[in-house]
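Visitor: The sequence shown stops at residue 325 when you use the working numbering, and every number in between is there.
I have a structure I would like to understand better, so I am pasting it below and will then ask my questions one at a time.
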Amino acid sequence: MGGKSATKAGYFDKLKGLLEQYKSIFVVGVDNVSSQQMHEIRISLRGEGVVLMGKNTMVRRAFKGFVADGQLADCEKLLPFVKGNVGFVFTNADLKSTRDKILANRVSAPARAGALAPDDVWVPAGNTGMEPGKTSFFQALGVPTKIARGTIEITTDLKLVEGGTKVGASEATLLNMLNISPFTYGMSISQIYSDAQVFDSSVLDIEESQLLKAFGGAVTQIASISLAIGFPTLPSVMHSVVNSYKNILAVAVETEIEWEGIEDLKDRIKNPEKYAGSGPAAASSGPAATENKAEEKPAEEEEESDDDMGLDLFG
């Protein structure tokens, strides 16, 4: 009895020490993970993280004890995920890098009757090399075949097992006969705990551009709502200032109110013809002016010619 209590106390101390030392925790699933895989994953994380396993009842009791003692209260957020065959990876390293190392170690495995298929399992078309006597076995499973060169040939690709369903005995036998190992097993990541928050590992795949786009959309929405209800917020203040200045200008134009700089605007509105030659219109009239000059040139040349004739006559 004393030995068990000492072991439990030692585990609690180790868990508490890891919670205090590391800021991030991966809750990992270890179904069908071999001891050799666990060893290789520990090696790959050496210097960056620590893998800790333990009975769920003991882990939950430890977490509840820490919270009751007023220590590590945030670890209570991990309690809902301490179920099934799970463990923990503690780290202070980059979360993406650590995740990749956790998921990298995977091994292929043959189909076993009764095992849950993580993905769809397909049997590819092609020659199986099996003798025709086994045709009835393929027919029983609905696999389309034909006899070619004295062997069984599967004519089209066939989805044999639906992902998320259990593999039947016949399906497992066929896959093993065809030397197909459709499954890969390794650690999976259930949740990530970091900075007192728990989130799914897919969050790590969000790009900075997506965050900026979402942030920009949120700012625009806040500004629109603020302007609509007349409640000033930081995103709406600049819009409010611009809109207010437009209103002031509109009032000034329609009244005798004036201030420095407004006279020019009023004069432009009242006497647009004065500024017609200085705007874009002048630039647009350029080609027409060029044509007029081109038309005037022959007349000038003609007058010069007449003058020359006059000089010749009276010279």
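Don't be surprised by glycine CBs; every beta carbon is placed ideally from N, CA and C.
Please read these numbers as outputs of a predicted model, since none were measured by experiment.
For Asp215, name the three-state secondary structure that DSSP assigns.
Guide: For this step, residue 215 is matched to residue 205 along the sequence shown. Helix at Asp215.
Visitor: Looking only at its chain, what residues have a beta carbon closer than 6 Å to the beta carbon of Ala158, apart from the 5 residues adjacent to it on each side?
Guide: Counted from its first residue, the sequence shown places residue 158 at position 148. No residues qualify anywhere along the chain.
Visitor: Can you tell me where the alpha helix (DSSP H) with Phe327 in it begins and where it stops?
Guide: Missing from the structure shown is residue 327; the chain here goes from 11 to 325 and no further.
Visitor: Which stretch, first to last residue, makes up the beta strand (DSSP E) that contains Gln149?
Guide: Stepping through the sequence shown from its first residue, residue 149 is reached at position 139. No beta strand (DSSP E) contains Gln149, which is instead part of the alpha helix (DSSP H) from 145-150.
Visitor: Rounded to whole angstroms, what's the CA-CA distance from Pro282 to Ser254? Just pull it up for me.
Guide: Sequence index remark: in the sequence shown, residue 282 carries index 272 (1-based). Sequence index remark: in the sequence shown, residue 254 carries index 244 (1-based). Looking at the two C-alpha atoms, the distance is approximately 26 Å.
Visitor: Candidates Ile164, Asp130, Val61, Thr166: which alpha carbon is nearest Thr175's?
Guide: Your numbering for residue 175 matches position 165 in the sequence shown. Checked all of Ile164, Asp130, Val61, Thr166; the closest Cα to Thr175 is Asp130.
Visitor: Identify whether Ser54 lies in helix, strand or coil by the three-state DSSP scheme.
Guide: Counted from its first residue, the sequence shown places residue 54 at position 44. Helix.
Visitor: Measuring CB to CB, does Leu214 end up less than 7 Å from Lys106?
Guide: Translated into positions along the sequence shown, residue 214 becomes position 204. Translated into positions along the sequence shown, residue 106 becomes position 96. Their beta carbons are under 7 Å apart, which means Leu214 touches Lys106 by this criterion.
Visitor: Bridge partners of Val37, per DSSP?
Guide: Locating residue 37 in the sequence shown gives position 27, counting from the first residue. Paired residues: Phe98, Gln201.
Visitor: Helix, strand or coil: how does DSSP classify Lys14 here?
Guide: Translated into positions along the sequence shown, residue 14 becomes position 4. Helix, per DSSP.
Visitor: Looking at the unbroken alpha helix (DSSP H) that takes in Leu275, where does it start and where does it end?
Guide: Residue numbering aside, residue 275 sits at position 265 when the sequence shown is read from its first letter. Where Leu275 is concerned, the enclosing alpha helix (DSSP H) stretches over 272-280.
Visitor: So, helix, strand or coil for Gln47, using DSSP?
Guide: Against the sequence shown, residue 47 aligns to sequence position 37. Helix, per DSSP.
Visitor: Kindly indicate which three-state DSSP category Thr161 falls into: helix, strand or coil?
Guide: The count along the sequence shown starts at 1 and reaches residue 161 at position 151. In this structure, Thr161 counts as strand in the three-state DSSP scheme.
Visitor: How long is the line joining the alpha carbons of Asp274 and Ser212, rounded to whole angstroms?
Guide: Indexing the sequence shown from 1 puts residue 274 at position 264. Indexing the sequence shown from 1 puts residue 212 at position 202. Each residue's alpha carbon lies about 59 Å from the other.
Visitor: Among Thr243, Gln47, Met68, Phe148, which one has its Cα closest to the Cα of Tyr21?
Guide: Residue numbering aside, residue 21 sits at position 11 when the sequence shown is read from its first letter. Out of Thr243, Gln47, Met68, Phe148, Met68 has the C-alpha closest to the C-alpha of Tyr21.
Visitor: Please check the pair Ala121 and Phe193, which I expect to be a contact at CB under 8 Å, by giving their CB distance rounded to whole angstroms.
Guide: Taking the first residue of the sequence shown as 1, we reach residue 121 at position 111. Taking the first residue of the sequence shown as 1, we reach residue 193 at position 183. That pair is a contact at about 7 Å.
Visitor: Round the Cβ separation of Ile199 and Val60 to the nearest angstrom and send it over; I've been treating them as touching at under 8 Å.
Guide: Taking the sequence shown and counting its residues from 1, one reaches residue 199 at position 189. Taking the sequence shown and counting its residues from 1, one reaches residue 60 at position 50. Contact flag wrong, Cβ pair sits at about 16 Å.
Visitor: Please determine, among Met48, Phe91, Val247, the residue with the shortest C-alpha to C-alpha distance to Gly196.
Guide: Here residue 196 corresponds to residue number 186 of the sequence shown, with the count starting at 1. The residue with the shortest Cα to Cα distance from Gly196 is Met48.
Visitor: Tell me whether Ala121 sits in a helix, a strand or coil according to DSSP, three-state version.
Guide: The residue you call residue 121 lines up with position 111 of the sequence shown. Three-state DSSP puts Ala121 in coil, outside helix and strand.
Visitor: Leaving out five residues before and five after Ala299 in sequence, what residues of the same chain have Cβ atoms less than 7 Å from its Cβ?
Guide: The residue labelled residue 299 in the question sits at position 289 within the sequence shown. In this prediction, Ala299 scores a pLDDT of 48, lower than 50, which makes its location untrustworthy; no coordinate-derived value is stated.
Visitor: What is the DSSP secondary structure of Ser295, counted as helix, strand or coil?
Guide: Against the sequence shown, residue 295 aligns to sequence position 285. Bear in mind that the predicted position of Ser295 carries a pLDDT of just 49, short of 50, making it unreliable; the figure below should be weighed with that in mind. Of the three classes helix, strand and coil, the one that applies to Ser295 here is coil, per DSSP.
Visitor: By how many angstroms is the C-alpha of Thr155 removed from the C-alpha of Phe148?
Guide: Locating residue 148 in the sequence shown gives position 138, counting from the first residue. Locating residue 155 in the sequence shown gives position 145, counting from the first residue. The straight-line gap from Cα to Cα measures roughly 7 Å.
Visitor: Please list, in chain order, all residues of the same chain as Thr243 whose beta carbon is under 8 Å from its beta carbon, the five residues on each side excluded.
Guide: Residue mapping note: residue 243 aligns to position 233 of the sequence shown, counting from 1. Ile232, Ala233, Ser236, listed in sequence order.
Visitor: What number of angstroms, rounded off, separates the C-alpha of Leu29 from the C-alpha of Gly64?
Guide: Taking the first residue of the sequence shown as 1, we reach residue 29 at position 19. Taking the first residue of the sequence shown as 1, we reach residue 64 at position 54. If you take the alpha carbons of Leu29 and Gly64, they lie about 15 Å apart.
Visitor: Where does Ile239 land, buried or exposed, given buried means 16+ other C-beta within 10 angstroms?
Guide: By one-based count along the sequence shown, residue 239 stands at place 229. It is exposed - the Cβ of Ile239 has fewer than 16 other Cβ atoms within 10 Å.
Visitor: In three-state terms, what does DSSP make of Thr138?
Guide: Here residue 138 is taken as the residue at index 128 of the sequence shown, counted from 1. In this structure, Thr138 counts as coil in the three-state DSSP scheme.
Visitor: Just checking, does the stretch 161-170 make contact with the stretch 131-144 on the three C-beta pairs under 8 Å criterion?
Guide: The answer is yes - the stretch 131-144 touches the stretch 161-170, with three or more Cβ pairs under 8 Å.
Visitor: Once you ignore the five residues that flank Val92 on each side, which residues in its own chain have a CB closer than 6 Å to its CB?
Guide: Numbered from its first residue, the sequence shown carries residue 92 at position 82. Only Asn66, Val69, Arg70 meet the Cβ criterion.
Visitor: Quick test of your reading: Leu55 and Lys111, contact by CB under 8 Å. State the CB separation rounded to the nearest angstrom.
Guide: As a working note, residue 55 is residue 45 in the sequence shown. As a working note, residue 111 is residue 101 in the sequence shown. Contact holds; Cβ gap of about 6 Å.
Visitor: For Leu170, report the span of its beta strand (DSSP E) as first-last.
Guide: Indexing the sequence shown from 1 puts residue 170 at position 160. From DSSP, the beta strand (DSSP E) with Leu170 extends over 168-171.
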